[in-house]
Amino acid sequence: MTVGAAHENENMTLSEQSALGAHAPRTQRTGQSLPFNDDLHLEAHRWLVDEAYLLDAQDYDEWLARIADDVHYLMPVRVTTALGAGYTTSPGMAHWDENKYSLSRRVARFATEHAWTEDPPSRLRHYITNVRTFRTPNPDEIIVDSAVLLFRSRGDVGEAATVSAGREDLLRRTGTGWELARRTIMVDESVIRMQNLAIFL
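One point on numbering: in this note's numbering, the residue at position 3 of the sequence shown is 3, and numbering is uninterrupted.
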């Protein structure tokens, strides 16, 4: 089951279960992953690496410019269940459940005096690996799986924090390049060991 797949007993994708995901594109992957030397795969891989550098630099305005207007950005709460339960997330609960507007409000807050969690700003490093690219029925949309490891340091005090996760992205080709149209993030821990989530994955 992929990170964007449905709960078996509900027959709905995670986006469909979300109040902010009702508008999200439903495009799904087809066939096997593309060869690593395929042009589409290379373009997708480069897009993810460029995005990681933007997030490390906290250049969120430029990052938002690469986000589609109908984006759904979701990180559900993981739960530990028995083998064969058919689900690994808590229905209706998410750390992030965002559309383009709510993402833009989070970014705008960083520029205010109320963003005390990022003043001084964190030092961030996003490590992107295990990238796989899949075609979809839409020739201008591709599905990209990746693993992300985030290292976050708050400077001279406190311990650094890490978050490990898998992501399933829907990238859409536009006249100016690729845009992120959907992201589902599945963290590898049920309890995130970080004081706050004033960052993006």
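All residues carry an ideal CB built from backbone N, CA and C; glycine is no exception. Predicted model, so just to flag it, every value in this text is computed and none were measured.
{"Asked": "Where SER15 falls, given that 16 or more other Cβ within 10 Å makes a residue buried", "Found": "buried"}
{"Asked": "Collapsed DSSP secondary structure at VAL71 in the structure displayed", "Found": "strand"}
{"Asked": "Test item: CB-CB of ARG154 and SER122 under 8 angstroms", "Found": "yes"}
{"Asked": "The stretch 30-46 / the stretch 61-73 touching (three or more Cβ pairs under 8 angstroms)", "Found": "no"}
{"Asked": "MET193 versus ALA165: straight-line alpha-carbon distance, rounded", "Found": "Note that residue 193 is Arg in the sequence shown, not Met. Cα to Cα, ARG193 sits roughly 13 angstroms from ALA165."}
{"Asked": "Cα-Cα separation, ALA52 to VAL144", "Found": "15 angstroms"}
{"Asked": "Among GLN195, ARG167 and ARG132, the one whose alpha carbon lies nearest that of GLU159", "Found": "GLN195"}
{"Asked": "Test item: CB-CB of LEU180 and HIS95 under 8 angstroms", "Found": "no"}
{"Asked": "Element boundaries [beta strand (DSSP E), containing HIS126]", "Found": "123-135"}
{"Asked": "Beta-bridge pairing of ASP203 - partner residues as DSSP gives them", "Found": "No information on residue 203 is available, as it lies outside the stretch 1 to 201 that the chain covers here."}
{"Asked": "Nearest to ALA161 (by Cα), restricted to the options ALA22, GLN32 and LEU124", "Found": "LEU124"}
{"Asked": "Separation of ASN138 from ASP59, as counted between CA atoms", "Found": "30 angstroms"}
{"Asked": "Three-state secondary structure assigned by DSSP to LEU171", "Found": "strand"}
{"Asked": "Rounded separation between PHE134 and ILE142 - CA only", "Found": "6 angstroms"}
{"Asked": "C-beta contact flag for LEU171 and TRP47 at 8 angstroms", "Found": "yes"}
{"Asked": "C-alpha distance - ALA22 paired with ASP97, whole-angstrom precision", "Found": "11 angstroms"}
{"Asked": "Residues near TRP178 by beta carbon distance below 8 angstroms, same chain, minus five either side", "Found": "GLU43, ALA44, TRP47, ARG66, LEU171 and ARG172"}
{"Asked": "Status (buried if at least 16 other CB within 10 Å, exposed otherwise) for THR176", "Found": "exposed"}
{"Asked": "One or two residues paired with ASP97 in a DSSP bridge", "Found": "LEU74"}
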